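Visitor:
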Amino acid sequence: MNFRFNVDYRTRFGEEVVLNVVNDASEGASLSKFRMMTQNGTRWSCELNIPAVKDRLSYYYDIESQGSSEKHEWTTILHTLELNIVNGKDYTVYDKWHDIPEDSYFYSSAFTDCIRTCRVKKPSRSTFARVIRFIVRAPQLNNSSLAIVGDGEALGNWDAAKARPMTEHNYNEWAVDLDASWFAGDTIEFKFIAVNNSDKQDVLWEEGYNRTVKVPPLSDGQVVVYDLSQAFFQIYNTRVAGTLVPVFSLRTKESFGVGDFGDLEKMLDFMRATGQKVLQVLPVNDTTITHTWTDSYPYSCISIFALHPQYVNLHRLPLLDDKEKREHYDKLRHELNALPQIDYERVNDAKMAYLRDLYAQVGAKVLGTHAFKEYFKENERWLVPYAQYCTLRDKYGTADFLQWKDHNQWDEAERKRLSEPHTKEYKEVAFWYYVQFVLDSQMKAVHEYARQHHVILKGDIPIGVNRYGCDVWTEPRYFNLNGQAGAPPDAFSTNGQNWGFPTYNWEEMIKDGCQWWVRRFKNMARYFDAYRIDHVLGFFRIWEIPSNAVHGLLGQFSPALGMTADEIRGYGLNFQEKRFTEPFITDWVLDRVFKERADEVREKYLDRIDGERYKMKPQFDTQKKIQKLFENVTDTQELNFRDGLYALISDVLFVRDRSDRNKFHPRISAQFDFIYESLYDNDKGAFNRLYNDYYYRRNNQFWYSEAMKKLPVLVQATRMLACAEDLGMVPDCVSWVMNQLRILSLEIQSMPKDPHVRFGHLSSNPYRSVCTFSTHDMSTMRQWWDEDWNRTQEYYNSMLYHQGPAPHPLPGWLARDILSCQLTSPSMLCVLSIQDWMAMDEQLRLADADRERINVPAIVPYYWRYRMHVNIEDLINSESFAQNIKDLVLESGR
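Position one of the sequence shown corresponds to residue 1 (full-length UniProt numbering), numbered consecutively onward.
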């Protein structure tokens, strides 16, 4: 079979266009590359003869220079050439180059599989001798089909009732085959129309002038294919409303003391009852390190693939044969479910004990099923090391794999015996295969249930992984263990955040096309149709903190362009290396910080350097050493004293570059410390100029290029709708990348991206955004309202346009007013926390607003144990509350 591909692309000198035929479209890995030719630098062509070809070809184009790829088309939706012409032997294709479209969100599974239901199917076989095929993308359609109508009897003489129907052969892409003999070399004039599937009389014509195509002379067996520009219709943008709630926070009458995948399904019923279309959850990955409440932190996963056993829905599993055990677990379930908050340790101990009892009863049978064998085959790559990791963690009583005898790192040679059911090694780890199979089956069922009810299930991808987790144990080359990931100071934490995660070895990851991340995203697509990229700034640069630090103040962005001493002097600051890079400790500093205990600090913790300055004694010269010294202290005064010692250690003006000792970075927030206070005014001005240039201008282009090495391949790895948490110290290049890749931003009115306003104007929200009032890391709306009365008063008058003093605490009617404003914003998604929704109902909400807080980032470790105080069944049956939400959603046009 012969093929001639043509595509228009204006190249630069040294560039060439390459055709990439994807041999396995489901995997997108096996490519056949064909170099194209040009005579004018714009129209590129190539001819192929493929003797053995299936019923379709999937392909894309890219630009190469000197043998390496410079740019490629949008690969989420590939070009698809259907080979359904019975007599077709010779195909000539005229393609358009497809960059990521502005409306790429329409092609996400959130839209195609949830909001609307695309009916993708193979076109019927055509017996025409000579064929003209039109292919056009029309992503706006909802409950409509595309048809072609035009001049002449073959196209209905502009009568919509006689239009020729088209086939949606790819997501939002329609095709129609026409008999070339109908047109006999004439010019075809036509348009596309959208026909309502429920009412064929309801027709919408595409915008713009009539289209025309000159029919070329064709012989029998020839097919000419035209990839036409997108059909545009006057259809308003889709906007939807939703709820954010962690799975662990869900509560139903059947729960086992913590929210689970069964509760998640009931929450979907609540979404449907209230007209909402998005249900957003926090990460659901396994976080089990110590088997204590410190494992409750959902962003510290031990596996990017494994689901947390606490989310298993025991009601969907077989009953235990042992009646006494059944009664024991049922009594325990009622006891745990009555608690106002999650008892993480008791809940997880109970669920794991139940799973082990059930595994002893049915495990062998389940592992012998075809369904399990298919699951194992599909997930073996990560599942086998994960199962061994969990077994060794429990065997040795620690997740620190450096302490595991003969197992400090995953040994690929052990995979075979761990994968064969007859071996002793398989039997030792098979329980974990069973647990993950059960969790995967249940979560996939919830995902399918969400799609059936047209609800987008939105997940969360943490930026980091636990340094003692399975991922680090299995593939250590991808991680840097000599530092800690965190965040610089922000509204959540004045000392910065230290997450304790290892940073990524991006150089190693980029070598194989970020396959570790690609596998992670594809695994997530098993369960979700949209996702939130936690701390998207980490793909530009991560805040890397020394391993001996507790707070985040001594961190530096990595990678970043450090400054030489001469560069620093170029700003007018006389750089004094020792004075500016070592802790600034003087008598006046000690007196200010420690007051009557200053002499105690001098005698116990310090050595004198000269007549003015001190240094920390070697046994106390890092924050980790101080932390160790005070690890068993609970007295508040002593903890404040410890924090003063922390502050001494971090009081520097510059931190030394990790990889080049001759380069330096201005210390974050140094303007609030004593070293800055000690400077002359002209030196302060020079430092401020240097500081602002470094943090807001110097690295912009560099960080842009760093992000573009990683994010494009990840965003295009799946059809999930990409959203990002882009809060914090956001450089300009973040918006460049997010706009280029069509990633939805996060818009919070109380944290505006415009530094010139105190509150964001909701009407200015971009359409490609997620609007919310509070996140899981923030105070709830009710807490925020009472935190700062002056701020609240300004918001009440300037944003809500109410007169007089703002009422406190927040009344339900005013909470409804605030949420109504959020919902009427232009943002595509408006996702509000369950606590903020409940704030509208004074009879339903908790009396104590502080009990609704999910996380306080400044407290590490924090116990993540918030649980809804009302059963989901009761929420659904609470007509006033459910109807209130439904009315708000309808009123806002969502």
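C-beta: ideal position from N, C-alpha, C; glycine also. It should be emphasised that the depicted structure is a prediction, and the values quoted were computed from it without experimental measurement.
1) Find the nearest neighbour of Glu725 within the set Leu690, Leu402 and Arg532, judged by alpha-carbon distance.
2) Using the rule of at least 16 other Cβ atoms within 10 Å of the residue's Cβ for burial, across every protein chain shown, is Tyr680 buried or exposed?
3) Let's test the definition: count the other Cβ atoms within 10 Å of the Cβ of His761 and tell me whether it reaches 16, buried, or not, exposed.
4) With a 10 Å radius around its C-beta and 16 neighbouring C-beta atoms as the bar for buried, classify Ile609 as buried or exposed.
5) Rank Ile50, Val203 and Arg251 by C-alpha distance to the C-alpha of Val195 and give the top, closest one.
6) Does DSSP put Pro47 in a helix, a strand or coil?
7) By the three-class DSSP mapping on this structure, what secondary structure does Ala25 have?
8) Let me know the alpha helix (DSSP H) ranges lying completely inside the stretch 426-485, each 4 residues or longer, listed in chain order.
9) On the premise that Tyr386 lies in contact with Ser303, defined as a C-beta separation below 8 Å, what is that separation, rounded to the nearest angstrom?
10) Among Gly469, Glu420 and Ile193, which has the Cα closest to the Cα of Ala399?
11) In whole angstroms, what is the alpha-carbon distance linking Gly28 and Cys514?
12) In its own chain, which residues sit with a C-beta less than 6 Å from the C-beta of Ala25, not counting the 5 before and 5 after it?
13) Three-state secondary structure (DSSP) at Ser547?
14) Quick check: the Cα distance between Arg569 and Phe575, rounded to an integer number of angstroms?
15) Taking Ile859 as the reference, which of Pro216, Thr494 and Val366 has the closest Cα?
16) With the cut-off set at 9 Å, would you say Glu64 and Glu15 are in Cβ contact?
17) So what does DSSP say about Asn765, is it helix, strand or coil?
18) Can you give me the Cβ contacts of Gln835 inside the same chain, cut-off strictly under 7 Å, excluding the 5 residues immediately before and after it?
19) Among residues of its own chain, excluding the 5 on either side of Lys253, which ones have a beta-carbon nearer than 7 Å to its beta-carbon?
20) Have a look at Gln436, Arg642 and Thr636 and flag the residue whose alpha-carbon is nearest the alpha-carbon of Lys628.
21) Output the boundary residues of the alpha helix (DSSP H) element that contains Gln515.
22) Which whole-angstrom value describes the C-beta separation of Ile148 and Leu155, a residue pair presumed to lie in contact below a C-beta threshold of 8 Å?
23) Which class does Cys301 belong to by DSSP, given the choice of helix, strand or coil?
24) So, helix, strand or coil for Gly893, using DSSP?
25) Look at the alpha carbon of Arg816 and the alpha carbon of Arg658, and state the distance between them as a whole number of angstroms.
26) Could you work out which residue in Leu339, Gly275 and Asn682 is closest to Asp887 when comparing CA atoms only?
27) Between which two residues does the alpha helix (DSSP H) containing Gln222 stretch?
28) Touching or not, the stretch 580-594 and the stretch 690-708, by the rule of three or more beta carbon pairs under 8 Å?
29) Determine which residues share a DSSP beta bridge with Tyr614 and list them.
30) Determine the extent of the beta strand (DSSP E) in which His665 is found, giving its start and end residues.
31) Ser68 bridges to which residues according to DSSP?
32) Short of 7 Å in beta carbon distance, which residues of its chain neighbour Asp186, apart from the five on each side in sequence? Order them along the chain.
33) Less than 9 Å separating the beta-carbons of Arg125 and Val223?
34) Does DSSP put Leu146 in a helix, in a strand, or in coil?
35) Here's the rule: buried if 16 or more other CB atoms are within 10 angstroms of the residue's CB, otherwise exposed. What is Lys191?
36) When you compare the stretch 70-87 with the stretch 685-692, are there three or more beta-carbon pairs, one atom per stretch, that lie closer than 8 Å?
Guide: By the coordinates alone:
1) By one-based count along the sequence shown, residue 725 stands at place 725. Minimum Cα distance to Glu725 is reached at Arg532.
2) Position 680 of the sequence shown, counted from the start, is the residue given in the question as residue 680. The residue in question, Tyr680, is exposed, as its Cβ has fewer than 16 Cβ neighbours within 10 Å.
3) For this step, residue 761 is matched to residue 761 along the sequence shown. A residue is called buried when at least 16 other Cβ atoms come within 10 angstroms of its Cβ; His761 does not meet this threshold and is exposed.
4) Position 609 of the sequence shown holds residue 609. Classification for Ile609: exposed.
5) If you number the sequence shown from 1, residue 195 lands on position 195. Of the listed residues, the one whose Cα sits closest to Val195 is Val203.
6) In the sequence shown, the residue the question calls residue 47 occupies position 47. The sequence given here has Glu at residue 47, not Pro. Of the three classes helix, strand and coil, the one that applies to Glu47 here is strand, per DSSP.
7) For the purposes of this step, residue 25 is taken as the residue at position 25 of the sequence shown. Its pLDDT being 49, under 50, Ala25 is placed unreliably by the model, and the measurement read from it follows with that caveat. Ala25 carries a coil assignment under DSSP once its states are collapsed to helix, strand and coil.
8) 470-474, all fully within the stretch 426-485.
9) Counting from one through the sequence shown, the residue named residue 303 turns up at place 303. Counting from one through the sequence shown, the residue named residue 386 turns up at place 386. Beta-carbon to beta-carbon, Ser303 and Tyr386 are separated by about 5 Å, close enough to satisfy the 8 Å threshold.
10) If you number the sequence shown from 1, residue 399 lands on position 399. Scanning Gly469, Glu420 and Ile193 for the CA closest to the CA of Ala399 turns up Gly469.
11) For the purposes of this step, residue 28 is identified with residue 28 of the sequence shown, where counting begins at 1. For the purposes of this step, residue 514 is identified with residue 514 of the sequence shown, where counting begins at 1. Below a pLDDT of 50, predicted positions are generally treated as unreliable, and Gly28, at 47, falls in that range; the measurement from the model is reported next regardless. Rounded to the nearest angstrom, the two C-alpha atoms are 15 Å apart.
12) Counted from its first residue, the sequence shown places residue 25 at position 25. Interpretation of Ala25 is limited by its pLDDT of 49, a score under 50 that renders its predicted location unreliable; the figure taken from the coordinates is listed afterwards. Contacts found: Ser58.
13) The sequence position of residue 547 within the sequence shown is 547, counting from 1. Looking at Ser547 - three-state DSSP - the assignment turns out to be coil, as it is neither helix nor strand.
14) Here the question's residue 569 lines up with position 569 in the sequence shown. Here the question's residue 575 lines up with position 575 in the sequence shown. Between Arg569 and Phe575, the C-alpha separation is close to 6 Å.
15) For the purposes of this step, residue 859 is taken as residue 859 along the sequence shown, with counting starting at 1. Out of Pro216, Thr494 and Val366, Thr494 has the C-alpha closest to the C-alpha of Ile859.
16) In the sequence shown, counting from the first residue as 1, residue 64 sits at position 64. In the sequence shown, counting from the first residue as 1, residue 15 sits at position 15. Contact flag set, yes.
17) Walking along the sequence shown from the start, residue 765 turns up at place 765. It is coil, neither helix nor strand.
18) Reading the sequence shown from its first residue, position 835 is the one you call residue 835. Thr780 and Glu852.
19) Locating residue 253 in the sequence shown gives position 253, where the first residue counts as 1. Same-chain partners within the cutoff: Asn871 and Glu873.
20) Sequence index remark: in the sequence shown, residue 628 carries index 628 (1-based). Nearest neighbour of Lys628 by Cα position, chosen from Gln436, Arg642 and Thr636, turns out to be Arg642.
21) For the purposes of this step, residue 515 is taken as residue 515 along the sequence shown, with counting starting at 1. Gln515 to Met524 is the extent of the alpha helix (DSSP H) around Gln515.
22) Counting from one through the sequence shown, the residue named residue 148 turns up at place 148. Counting from one through the sequence shown, the residue named residue 155 turns up at place 155. The Cβ separation is near 6 Å, so the contact holds.
23) Looking up residue 301 in the sequence shown gives position 301. DSSP places Cys301 in coil when its eight states are reduced to three.
24) Taking the first residue of the sequence shown as 1, we reach residue 893 at position 893. In this structure, Gly893 counts as coil in the three-state DSSP scheme.
25) Your numbering for residue 816 matches position 816 in the sequence shown. Your numbering for residue 658 matches position 658 in the sequence shown. Roughly 50 Å separates the two Cα atoms.
26) Along the sequence shown, one-based indexing puts residue 887 at 887. The alpha carbon of Asp887 has as its nearest neighbour, out of Leu339, Gly275 and Asn682, the alpha carbon of Gly275.
27) Translated into the one-based positions of the sequence shown, residue 222 becomes position 222. Element bounds for Gln222: not the alpha helix (DSSP H) but the beta strand (DSSP E), Gln222 to Asp227.
28) Output reads no: the stretch 690-708 does not touch the stretch 580-594.
29) By 1-based counting over the sequence shown, the position of residue 614 is 614. Tyr614 pairs with Ile585 and Arg608.
30) Taking the first residue of the sequence shown as 1, we reach residue 665 at position 665. Phe664 to Pro666 is the span of the beta strand (DSSP E), which, as asked, contains His665.
31) Counting from one through the sequence shown, the residue named residue 68 turns up at place 68. Within the DSSP bridge table, the entry for Ser68 names Ser65 as partners.
32) Sequence index remark: in the sequence shown, residue 186 carries index 186 (1-based). Leaving aside the five residues that flank Asp186 on each side, the residues in its chain whose CB is nearer than 7 Å to its CB run, in chain order, Val215.
33) As a working mapping, residue 125 is identified with position 125 in the sequence shown. As a working mapping, residue 223 is identified with position 223 in the sequence shown. Result no, Cβ atoms of Arg125 and Val223 do not sit closer than 9 Å.
34) For the purposes of this step, residue 146 is taken as residue 146 along the sequence shown, with counting starting at 1. Strand.
35) Looking up residue 191 in the sequence shown gives position 191. By the Cβ-count criterion, Lys191 is buried, with 16 or more other Cβ atoms from all chains shown falling within 10 Å of its own Cβ.
36) Counting C-beta pairs closer than 8 Å gives fewer than three between the stretch 70-87 and the stretch 685-692, which falls short of the contact rule.
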